[in-house]
Amino acid sequence: MSSSTSSDKPKVVDFATASEKHRADRDHQRREDKVESIRKRFDEAFPERKTPVKDFLRKKKDKKKR
1473 MSSSTSSDKP
1483 KVVDFATASE
1493 KHRADRDHQR
1503 REDKVESIRK
1513 RFDEAFPERK
1523 TPVKDFLRKK
1533 KDKKKR
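Quick note: to get our numbering, add 1472 to the position in the sequence shown (first position is 1).
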């Protein structure tokens, strides 16, 4: 009996794709860390505001569009 499964085939890794995925994951984690630190600072500075980081980033984006 000959059964064909995915484990029979060797795993081929495309380094360009793997590199891009790894870089994207690293960049995403770096951005998340940056936003988390901003969120902490804003929570300490403006404890009464609901979404201080979102408000700040939206204001910054709007200013950049002008």
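C-beta atoms are modelled at their ideal positions from N, C-alpha and C, and glycine is treated no differently. Predicted, not measured: the structure shown is a model, and the values here were computed from it.
Cα-Cα separation between residue i and residue j, rounded to whole angstroms
i            : j            : result
residue 1522 : residue 1514 : 10 Å
residue 1534 : residue 1527 : 11 Å
residue 1512 : residue 1538 : 28 Å
residue 1497 : residue 1510 : 20 Å
residue 1502 : residue 1495 : 10 Å
residue 1483 : residue 1493 : 17 Å
Opening and closing residue of the alpha helix (DSSP H) in which residue i lies
i            : result
residue 1492 : 1487-1517
residue 1538 : From DSSP, residue 1538 is part of no alpha helix (DSSP H); its letter is neither H nor E.
For residue j and residue i, believed in contact at Cβ under 8 Å, the rounded distance
i            : j            : result
residue 1507 : residue 1525 : 7 Å
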